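Working notes, structure below.
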Amino acid sequence: MTTEFPPDQLIDAMPFARALGVEIDTAAPEEVTGHLDWAPDRCTAGGVLHGGALMALADTLGAACAFLNLPPGASTTTLESKTNFFRGVKDGRVRGVSRPLHAGRTSIVVETDLFDGHGRRVARVTQTQVVMRG
4 MTTEFPPDQL
14 IDAMPFARAL
24 GVEIDTAAPE
34 EVTGHLDWAP
44 DRCTAGGVLH
54 GGALMALADT
64 LGAACAFLNL
74 PPGASTTTLE
84 SKTNFFRGVK
94 DGRVRGVSRP
104 LHAGRTSIVV
114 ETDLFDGHGR
124 RVARVTQTQV
134 VMRG
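Residue numbers (this note's numbering): 4 to 137.
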């Protein structure tokens, strides 16, 4: 298991997330946090932050959390991801918190909660990451 990894190096390993504006704030095996700011070019109709942008934030944080829980020499990729949306975001910053629910020999399951600037839950994402050895 990886115990320390600078957040900037984690995000640099995911060019799409960097291009989208995702930032990782803290990174440890038990919890990864990050954020994405609202911007007009990340929106759908009515100035609402696009669901795909929210999913990309959650996938980025979840992947980082899974990576930090891998055994030495292994890699990971998303096998499954499920998102429940609870409310739209029309301004501010979305904050995400990812935590492992299961870190096993063949898979890692991560749950990510996304919150708006008022602390209200925007979405919950559960993803399964496969553990690839060698």
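Note that CB positions come from ideal geometry on N, CA and C, so glycine has one too. Model, not experiment: these values are computed from the prediction.
8 Å contact criterion, which residue 142 and residue 8 should meet: CB distance rounded: There is simply no residue 142 to check, as the chain begins at 4 and stops at 137 in what is shown.
Sufficient close CB pairs (3 or more, under 8 Å) joining the region 78-90 to the region 13-21: The region 78-90 vs the region 13-21: no contact.
Residue 106 lies in the beta strand (DSSP E); which residues open and close that run? As a position in the sequence shown, residue 106 is number 103, starting the count at 1. Where residue 106 is concerned, the enclosing beta strand (DSSP E) stretches over 96-106.
Where does residue 135 sit, in a helix, a strand or coil, going by DSSP? Start at 1 with the first residue of the sequence shown, and residue 135 comes out as number 132. Three-state result, residue 135: strand.
Tell me residue 83's beta-bridge partners as DSSP assigns them. The residue labelled residue 83 in the question sits at position 80 within the sequence shown. Answer by DSSP bridge pairing, in chain order: 131.
Give the DSSP-derived three-state secondary structure of residue 16 in the structure shown. Counted from its first residue, the sequence shown places residue 16 at position 13. Residue state, collapsed to three classes: coil.
Bounding residues of the alpha helix (DSSP H) (the contiguous stretch that carries residue 63): As a first step, residue 63 is located in the sequence shown; it is residue number 60 there, counting from the start. Start and end: 54-71.
For the beta strand (DSSP E) that contains residue 37, what are its first and last residues? Residue mapping note: residue 37 aligns to position 34 of the sequence shown, counting from 1. Taken as a continuous stretch (DSSP letters only), the beta strand (DSSP E) holding residue 37 covers 34-40.
DSSP bridge partner residues for residue 124 (one or two, in chain order): Here residue 124 is taken as the residue at index 121 of the sequence shown, counted from 1. Answer by DSSP bridge pairing, in chain order: 118.
List the endpoints of the continuous beta strand (DSSP E) containing residue 31. Sequence index remark: in the sequence shown, residue 31 carries index 28 (1-based). It spans 26-31 - the beta strand (DSSP E) in which residue 31 sits, taken as one unbroken run.
Which residues in the same chain have their Cβ closer than 6 Å to the Cβ of residue 98, if we skip the five residues on either side of it in sequence? Counting from one through the sequence shown, the residue named residue 98 turns up at place 95. 38, 118, listed in sequence order.
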